[in-house]
Amino acid sequence: MDSNPPPHLSNTTSVVRALLITDLVGSTRLIERLGDRRAARLLAQEEEQARHLARHYNGQEIDRSDGFLFLFDHAWQAVGFALDYHRVLKDLSSDLPLQLQGRVGIHVGETYLTPNAPEHVARGAKQVEVSGLAKPIAARLMTAANPGQTLLSGTAFDLAARPCIEHLPKDSTLHWHAHGAWLLKGVEQPVQVHAVAHDLRTAAREPLENDKVRSLRRRQRRRLLLTGIGTAAAVALPLGYWKWHDNALRDWESKWLVVADWQLEQGNADLAAVLATAFRIALQQSRFAYVMDPGAVLLALQRMRGEPPVGREEAIEIARRESAAAAIIPSFTKFGGGLLLSAELVEAVTERTIAAAQEQIADLGGLTVALDRLSAQIRRNVGEPGTSVQRDALPLAKVTTANLDALRLYSQVDDLMQQRKGEEAIAALERAIVLDPQFASAHAKLGTVHAIRRSELSVSEKHWRIAASLQERLTPRERMYVDGCISWTEDPVVMRARWGGMVSKFPDDAAAVNNAALVEWTHFGNLVAAERGFRLGIPIPHRWNYVIWHHLGYVEMGQGRVAEGLSSFKESLKRAEHPAHFGIVRAQLLAGETDQAMELLARFRDNGSVSWRADQCDAEVLAHVFVGKPEAALAVAERQREMAITEKFRTAERMGLRNKALLLAEQGDKQAAHATARVLHELLRADLGALQGGGLLLPPFDAMMLTAFAARMGWQAGEFEMPEALQGRWIRFPSVLAAERLTRAWRALNAGKAPEALRLAREGRDYMSLYAFFELEVAAYTALGETVSRNDRLRQARKLLHQGFGENFSYLSTHLENLQAWQRMGKLEASAQPSTGDAKPKGE
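Oh and the sequence shown: position 683 is 687 in our numbering, straight run, nothing missing.
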């Protein structure tokens, strides 16, 4: 037998080259979807384009099966080919029912090239065979790549990164991402794996494990987790904390964190709720990372069509979809005769474990201390300086309660409120306060729940002030919140300062952002500043985010952008299956969508809390008046009054009496309107008397609007005088002062002093430009015989009903008056210009 090798084998040469291997993902599925003929044409295009790119980058084709094997002289050429190859596949997919995607693996190493004998090539063999360890390394990397991703070995990365800057197009943005050490089958040493792409998300996606490629980091993490994370002695690590990567999260663009549900044994739902609430409060003391509201997490899970609980995979996926930086995966287990609390911090895009922390306690008595320590470790690993953690980390036992039963009751309240179970929420908080009278957070939340329900507003202030007196038991965030709530009862200038200050310090706080914008809108009439503020709140992931959309709709409508306002209202409705204060109905009426407005009112009738149903009645009254059905509106106003008796909701009685008085006056029954107004007057007098030590703006503004109505009707001033509405703090409220000037202006006009009435109207508009000033000005110019000015104000008023529907003082008390004024001015306009008719308002 001839011992000399065939001539072609003796020509084997050793070269260092960049090897690139591709794979077209889902080629079989492609044929199934497109059919043989169309798929063959598409694959031929892909093949032709790949070869064209290889020639462009001076590559050598070695093999072609499901993918290509190319050799390049330089690593940067292989990277350039890979990036363009992914782009080509995307372009080829533009008219397809599915996305063409490829995987690419690149390695640089010693390669052996052996030409095949000519006779073998003639029978279909490749011209050159490639061998050496570099080839399987590139192939393993390709199999680990996600669809659309390019993976490189550490060697290839070192040789490609800098030259790519020089040789690839200057406008080509590259993102490199290190994925750590990986074990490749047949390769003795771990291989550092990197990814490159034009977008960070693709580069940062964690590569895929398979039977030939395993992540060394994941392998270590699994081993530790399988031993309960707690067998620290076995792995010579201290109890409490392991850090996997030094490059924590300091460079994240997002600061948001998603916290998964606590993993406990079955039957411990109450304890899970306590852990979730306390851990969130501890984490929220940070100003370097923001915790996504748990209600918003559940809404995101619903959008994924998932069901609670939020486990590890769900939390990571929610974090990725919501553009959060990371997910925190907490767990609670029995361990070594005690209890073990642990938390894993996982980067959202890459699914890397950044850090793991744990705390062991003997029993539940040490729970809050363990959560303090656990949250402090997590905060340090999201890039927060240790000095800040120490400064802004008050003990949970101090800022919540050491009584776990009280903490359990407190933790139920947000869910109860979302389920519209306000009475149960109040009862839970009251029981928590009985268990711990110094539970400042429970007092603060009880005040807020009463304010939301608009039941006893003096009760709200009482609990806010108790919480403020216990400020050492509040976190810095809660202190600012309580001070902001108390400012609702003090002075709009103080409100602006306090809520604006809280937004500056805690820009992740949805309540603060919403309230700061609300002050600009409802107390200063600054719709531009209010819109800017509400738009800052839109991206904050919070369960009450729909309220911000609802408020945004009002300020857009108030600026004449009815179509945009309607869109915002619809977004609010989409996010929460109820139309909040029914702003959407007002926008639909303005936009000519009367049938849709009536359908929505019927859909939600008698559904929800009593305060919500009272608001619905207001919207229903408005809709009936708009379409010319005053009797139907009057029936709704009576139903509104009945709520005060059946539901013990005093605010509904004020709302019903106000609507009834306005409707009767418009029908010409002045005697009945006067009698109704007198009942409302006595009710408001009693409410104002109860406000000596507390309360919010509602009764004072209602009182001043009633006196303005009485002045317009020409009733005796002494009958409806309410000096209480202008005493003390209320004299500093622009809305109250605007209503007071409106009252004086009507009285001046009725006394034959039209110039004085116009002067007072101008003063009133300086405080707040209420829509009601239009009718006063039209009447004053008519009295003066100034037809041009009169008609000018008429035209403006008729075009600006959206301004009147954009007014909101949290209870919409001016809207019916504004609509009636608009209708009355329409009759005046029609009598002056009979040919123009009485057009209904339309949105843009």
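A virtual CB, placed ideally from N, CA and C, is assigned to each residue, including glycine.
All figures in this text were calculated on a predicted structure; none of them were measured in a lab.
From the options, residue whose alpha carbon lies closest to that of residue i
i	options	result
V532	V551, H555, Q824 and D70	H555
K674	F713, V453 and R689	F713
D215	R209, G190, E351 and H60	G190
K633	T655, P312 and T598	T598
A347	R325, S31 and L375	L375
G370	A282, R802, Q289 and V314	A282
G136	Y116, E635 and V463	Y116
W128	W80, F74, S69 and T177	The amino acid at residue 128 is misidentified as Trp; the sequence shows Gly. It is S69 whose Cα lies nearest to the Cα of G128.
E811	R682, L604 and R590	R590
L303	E603, E476, V438 and A580	A580
W525	Y558, W553 and E494	Y558
A677	R716, A755, T17 and A514	R716
L368	L604, V278, E36 and D495	V278
Proximity of residue i and residue j at Cβ, strictly below 7 Å
i	j	result
Y414	A444	no
D162	R107	no
A359	V262	no
P334	H527	no
A323	L349	no
A86	T154	yes
L378	L411	no
R500	V523	yes
Q807	G562	yes
T861	V403	Shown here, the chain extends from 5 to 848; a query on residue 861 therefore has no answer.
H850	L23	An answer regarding residue 850 cannot be provided, because it is not within the stretch 5 to 848 covered by the chain.
S793	Y785	yes
R481	F510	yes
V217	R144	yes
A742	Y771	yes
G768	R802	no
Whole-angstrom distance between residue j and residue i, CA atom to CA atom
i	j	result
A240	A361	Per-residue confidence for A240 stands at a pLDDT of 31, beneath the threshold of 50, marking its modelled position as unreliable; the derived number appears in the next sentence. If you take the alpha carbons of A240 and A361, they lie about 15 Å apart.
E781	F705	21 Å
M829	V498	38 Å
A82	A48	22 Å
A149	L577	41 Å
R751	V625	28 Å
R42	D619	60 Å
E427	I649	17 Å
F724	L687	12 Å
W616	R609	10 Å
T118	E133	5 Å
T655	A787	38 Å
I588	C621	14 Å
E560	R536	11 Å
A836	A679	34 Å
N518	A729	27 Å
L710	W826	18 Å
R291	L212	35 Å
E790	R748	21 Å
G596	S572	17 Å
G387	D409	34 Å
D67	E52	14 Å
G564	L804	7 Å
T45	K174	For the sequence presented, residue 45 should be read as Arg rather than Thr. Near 34 Å, if we compare the C-alpha coordinates of K174 and R45.
Identified DSSP bridge partners for residue i
i	result
G852	The structure shown does not extend to residue 852, since the chain spans only 5 to 848, so no value can be given for it.
V197	S157
N214	V217
A182	H198
R3	Past the boundaries of the shown model lies residue 3; the chain is included only from 5 to 848, so the question cannot be answered.
P167	Per DSSP, none; premise fails for P167.
E351	A330
V263	I332
Q362	S346
T357	V350
Which runs of the alpha helix (DSSP H), 4 residues or longer, sit entirely within the region 785-828? For the region 785-828, whole alpha helix (DSSP H) runs of length 4 or above, ordered along the chain, are 791-803 and 805-809.
With a floor of 3 residues, list each beta strand (DSSP E) that falls wholly inside the region 386-410, ordered by position along the chain. Within the region 386-410, no complete beta strand (DSSP E) run reaches 3 residues.
Starting from the N-terminal side, write out each stretch of the beta strand (DSSP E) that is 3 residues or longer and does not extend beyond the region 413-471. Counting only unbroken stretches of 3 or more residues, no beta strand (DSSP E) element lies wholly within the region 413-471.
For a minimum of 3 consecutive residues, which ranges assigned as the beta strand (DSSP E) are wholly contained in the region 106-146? List check, beta strand (DSSP E) in window: 106-119 and 132-135.
Secondary structure, alpha helix (DSSP H): runs of 4+ residues fully inside the region 647-692: Secondary structure remark: continuous alpha helix (DSSP H) runs of at least 4 residues inside the region 647-692, in chain order: 654-670.
May I have a chain-ordered list of the alpha helix (DSSP H) segments no shorter than 4 residues that lie completely inside the region 717-772? The region 717-772 contains these whole alpha helix (DSSP H) runs: 738-754 and 758-771.
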